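Working notes for the structure below.
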Amino acid sequence: MKKVLFVCLGNICRSPSAEGVFTKLVKDAGLADEIHIDSCGTAAHHAGEGADPRMKEHALKRGYDLTSIARGIDRKQDFENFDYILTMDNSNYNNVVALAADVDKHKIRRLTEFCSKHPHDQIPDPYYGGPESFELVLDLLEDACQGLLEHIQKEKNS
Ligand code: 4NP
602 MKKVLFVCLG NICRSPSAEG VFTKLVKDAG LADEIHIDSC GTAAHHAGEG ADPRMKEHAL
662 KRGYDLTSIA RGIDRKQDFE NFDYILTMDN SNYNNVVALA ADVDKHKIRR LTEFCSKHPH
722 DQIPDPYYGG PESFELVLDL LEDACQGLLE HIQKEKNS
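For the sequence shown, the working numbering begins at 602 and goes up steadily by one.
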C-alpha cells in the first residue's frame, strides 16, 4: 500500500481537487486497494468545511465529485504515515518542508514535477481568481496526477 497526501493552503480548492482527480485515475486503473489518498492544508481555518463551491462546480463539470472535508496538516502523523507528500506552490512547499522532520523531508515534492504537458512549476492559488483560475488548477492537476500515477507504478516495479 502506497499512501499519497496532497497539501495546499486551505484544503478547500487545490488539494481536495487533486484528491478527486487522483482518486478517479487510481480507481480507473484498478489500483484503489493499493493506493491510499488524502488531502490537507497547512492552514486550518477552513477545517470542517467541504471544498469551495466554485471549485466543486468546475470539478463536477469534468466528472469529479469533491467530497472531502478540510483538515489541517498533522505535523507528526502525516509525515510518518504518508509516502508521497505533494505540494502546490513555492510558499506551500516551503511551509510543508519547515514542518517536517529531516528524515521525512525527502517525501515532499512539488506536484508540478509530474506534469508533462504544462510547463508550470506551481499550481496557483485560485481563491481570489475568476473561473479561468479554477480551470487552470484542474488542467494542471489532470496532467500532474497522470504523471504521478506513472511514477508510483514505475517505482513499485523497480
Ligand atoms: P487552497 O485555496 O489552498 O487551494 O485551498 C485557498 C483557500 C482559502 C484561502 C486561500 C487559498 N484563504 O485565504 O482562505
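Each residue gets a CB set at the ideal place from its N, CA and C atoms; glycine is no exception. What you are looking at is a predicted structure, and each value in this text was computed from that prediction instead of being measured.
*asked:* Less than 6 angstroms between C-beta atoms, sequence neighbours within five positions excluded: which residues of the same chain meet that for A619?
replied: Counted from its first residue, the sequence shown places residue 619 at position 18. These residues qualify, in order along the chain: F607, L742.
*Is Y665 near V698, with beta carbons less than 7 angstroms apart?*
Locating residue 665 in the sequence shown gives position 64, where the first residue counts as 1. Locating residue 698 in the sequence shown gives position 97, where the first residue counts as 1. Not closer than 7 angstroms, so no.
*In whole angstroms, what is the alpha-carbon distance linking L712 and C746?*
Locating residue 712 in the sequence shown gives position 111, counting from the first residue. Locating residue 746 in the sequence shown gives position 145, counting from the first residue. Answer to the nearest angstrom: the Cα atoms are 8 angstroms apart.
*Quick one: complete alpha helix (DSSP H) runs, 4+ long, within the region 681-759?*
691-700, 732-758
_Does G642 pass the burial test, meaning 16 or more other C-beta atoms within 10 Å, or should it be called exposed?_
Within the sequence shown, numbered from 1, the residue matching residue 642 stands at position 41. By the 10 Å Cβ count, G642 comes out buried.
_A701 and F680 closer than 7 angstroms at C-beta_ = Indexing the sequence shown from 1 puts residue 701 at position 100. Indexing the sequence shown from 1 puts residue 680 at position 79. Cβ distance < 7 angstroms, so A701 and F680 count as in contact.
*So V605 and Y685 are in contact, right, with Cβ under 8 angstroms, and what is the actual spacing, rounded?*
Mapped onto the sequence shown, residue 605 falls at position 4. Mapped onto the sequence shown, residue 685 falls at position 84. So it is a contact: roughly 5 angstroms between Cβ atoms.
*asked:* Tell me whether G731, by its Cβ, gets closer than 6 angstroms to a heavy atom of the ligand 4NP.
replied: Sequence index remark: in the sequence shown, residue 731 carries index 130 (1-based). No, the beta carbon of G731 sits no closer than 6 angstroms to any heavy atom of the ligand 4NP.
*Of all the CB atoms in chain D, is at least one closer than 7 angstroms to the CB of Q678?*
Reference to chain D is not applicable here, since this structure consists of a single protein chain.
*Heavy atom of the ligand 4NP within 6 angstroms of Y685 beta-carbon*: Within the sequence shown, numbered from 1, the residue matching residue 685 stands at position 84. No, the Cβ of Y685 stays beyond 6 angstroms of every heavy atom of the ligand 4NP.
*Less than 7 angstroms separating the beta-carbons of F715 and G673?*
In the sequence shown, the residue the question calls residue 715 occupies position 114. In the sequence shown, the residue the question calls residue 673 occupies position 72. Contact: no.
*Tell me whether L606 sits in a helix, a strand or coil according to DSSP, three-state version.*
If you number the sequence shown from 1, residue 606 lands on position 5. Here L606 sits in strand by DSSP.
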